[in-house]
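Peer 1: Got a structure here, written out as structure tokens. Questions coming.
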Amino acid sequence: MPARGKSGKHANVYEHIFQGIVSGKYPVRGKLPTEHELSDMFGVSRPTVSKALRMLEKKGMIDRRPGSGTYVRQTNSARGRKLGLLVSRLNLTPEDYSKYVTLYSMVISKMARSANKENYILLMNDLPYGDESEVTTHALDICRQLVDLQVKGVFFMPLEVSPENRHINVEIAHTLKKYDIAVTLMDRDIYDKPKRSEFDLVSIDNETAGFVAAEHLLSLGCRKIDFVAGHIDVSSVSGRIAGYKEALLSYGITPQESRIHHFSILPFLVQDEPIEMETVRDLLKSLDTEAIVCSNDRMAATIIKYAKVFGVNVPEDLRVVSFDDEPFVESLPVPLTTMRQPPDIIGSETVRTMISRIENPGMPARTVLISPELIVRGSCGAKL
């Protein structure tokens, strides 16, 4: 899927080369790949690569020598203050940036730019898809690497793991704290409510998002509204479910646990097939369901896809709303009504929270809640 707009392509190339210099992938006095090679690597035009290289040259990171090539310079910026990133299931390589743009790739791109403005370097890490054992082992390895790199702080999105493995999130956060590394949590806490950790948290207001999404359907006349989430429950989704229930109560409807469903769905960029196919079919063909609130856009994309397979028309037979506003939602067979998470605001607020924590380590833990925005498209049936 194409990226939104063109302005971010050179920035993505810049950020990945910058990261390569900082991490040592491109050593001091070493030669960078040619513009032609970089163009192929990132799937962008040579003028886009050239623009990124000019930015790096202006920053003093590289020397461009006509007839010889481009070389990494020794610079204080390359040895500057470092921040780490540990985000679960991002799974984006440099090549992926030319093919897919996701909500969190946009958030992280903004974080990198915001950190750079504060003279910090954001070291990116990728947790590949795999079973829980592989993901947790890899996450612990990255945690140890970040400690060895003596980063000043780590942005940590707790892993989506089953209850028996949630101690891994606590272990990672407290390992970083042990080495006086500031931690800013993204999207969710390491504990389920009502317990609150001692670490700063930046997230959208998930309860408000859940309330607004469900209330929108209620305002359209829907009363039989189900909520569909992934198999693994995390605190951000729990907040959305709580908001959904509050909206029902505000209309005098008693929430029913039988209307809250948990399906196993593989990551969207890998495969969007539901595992419990028969359960999905039964829900979609049920005459007792007028609308579905999906926990995220990947889930909603699957619901819309299989509604068509099973002869259920969205939004005529079934209305669907969701959360995130991933770039792909406008290109679905039925454009998706969703609660937008604003990536630029999330990215800048996350970095601002981290810098404040580094400068004021004794402050009480803060929760920064960012307001979501309802984006009305075709799937909710508002225009029927």
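With the UniProt record's numbering applied, the sequence shown covers 1 to 384.
Glycine residues also receive a C-beta, built at the ideal position from the N, C-alpha and C atoms.
#1: Counting pairs of beta carbons, one from the segment 306-314 and one from the segment 347-364, are three or more of them closer than 8 angstroms?
#2: Can you give me the Cβ contacts of K6 inside the same chain, cut-off strictly under 6 angstroms, excluding the 5 residues immediately before and after it?
#3: Do you know whose CA, among V87, T102, N119, lies nearest A139's CA?
#4: Look at the alpha carbon of L336 and the alpha carbon of L38, and state the distance between them as a whole number of angstroms.
#5: If you follow the alpha helix (DSSP H) that D141 is in, where does it begin and where does it stop?
#6: Using DSSP with H/G/I as helix, E/B as strand and the rest coil, what is E373?
#7: Take every Cβ of the segment 361-371, pair it with every Cβ of the segment 296-309, and state whether three or more of those distances are shorter than 8 angstroms.
#8: Just verifying my parser: in three-state terms, what is the DSSP assignment at T279?
#9: Go to T48, then tell me how far its alpha helix (DSSP H) extends in each direction, as first and last residue.
#10: Pull up the distance between the alpha-carbon of A291 and that of Q145, whole angstroms please.
#11: Please list, in chain order, all residues of the same chain as L284 whose beta carbon is under 8 angstroms from its beta carbon, the five residues on each side excluded.
#12: Pairs of beta-carbons, one from the segment 54-64 and one from the segment 151-162, closer than 8 angstroms: are there three or more?
#13: Note the first and the last residue of the continuous beta strand (DSSP E) segment covering A291.
#14: Return helix, strand or coil for H261, following the three-state DSSP convention.
#15: Could you say if the segment 251-260 and the segment 217-228 meet the contact criterion of at least three C-beta pairs nearer than 8 angstroms?
#16: By the three-class DSSP mapping on this structure, what secondary structure does M299 have?
#17: Taking only the alpha-carbon atoms, compute the straight-line gap between A242 and H36 and give it to the nearest angstrom.
Peer 2: Reading off the structure:
#1: no
#2: In the sequence shown, residue 6 corresponds to position 6, counting from 1. Its pLDDT being 39, under 50, K6 is placed unreliably in this model, and the coordinates cannot settle the point.
#3: Counting from 1 along the sequence shown, the entry for residue 139 is found at position 139. Selected option, being the one with the closest Cα: V87.
#4: Translated into the one-based positions of the sequence shown, residue 336 becomes position 336. Translated into the one-based positions of the sequence shown, residue 38 becomes position 38. For L336 and L38, the distance between alpha carbons rounds to 35 angstroms.
#5: For the purposes of this step, residue 141 is identified with residue 141 of the sequence shown, where counting begins at 1. Where D141 is concerned, the enclosing alpha helix (DSSP H) stretches over 132-148.
#6: For this step, residue 373 is matched to residue 373 along the sequence shown. In this structure, E373 counts as strand in the three-state DSSP scheme.
#7: no
#8: The count along the sequence shown starts at 1 and reaches residue 279 at position 279. T279 falls in the helix class under three-state DSSP.
#9: Position 48 of the sequence shown, counted from the first residue, corresponds to residue 48. From DSSP, the alpha helix (DSSP H) with T48 extends over 46-58.
#10: Reading the sequence shown from its first residue, position 291 is the one you call residue 291. Reading the sequence shown from its first residue, position 145 is the one you call residue 145. Their backbone Cα atoms lie some 46 angstroms apart in a straight line.
#11: As a first step, residue 284 must be located in the sequence shown, where it is residue number 284. Contacts found: I303, Y306, A307, F310, V312, L318.
#12: no
#13: In the sequence shown, counting from the first residue as 1, residue 291 sits at position 291. Its beta strand (DSSP E) spans residues 291-294.
#14: On the sequence shown, residue 261 is found 261 positions in, with the first residue counted as 1. Here H261 sits in strand by DSSP.
#15: yes
#16: Stepping through the sequence shown from its first residue, residue 299 is reached at position 299. Three-state DSSP puts M299 in a helix.
#17: Residue numbering aside, residue 242 sits at position 242 when the sequence shown is read from its first letter. Residue numbering aside, residue 36 sits at position 36 when the sequence shown is read from its first letter. Approximately 52 angstroms, taken between the alpha carbons.
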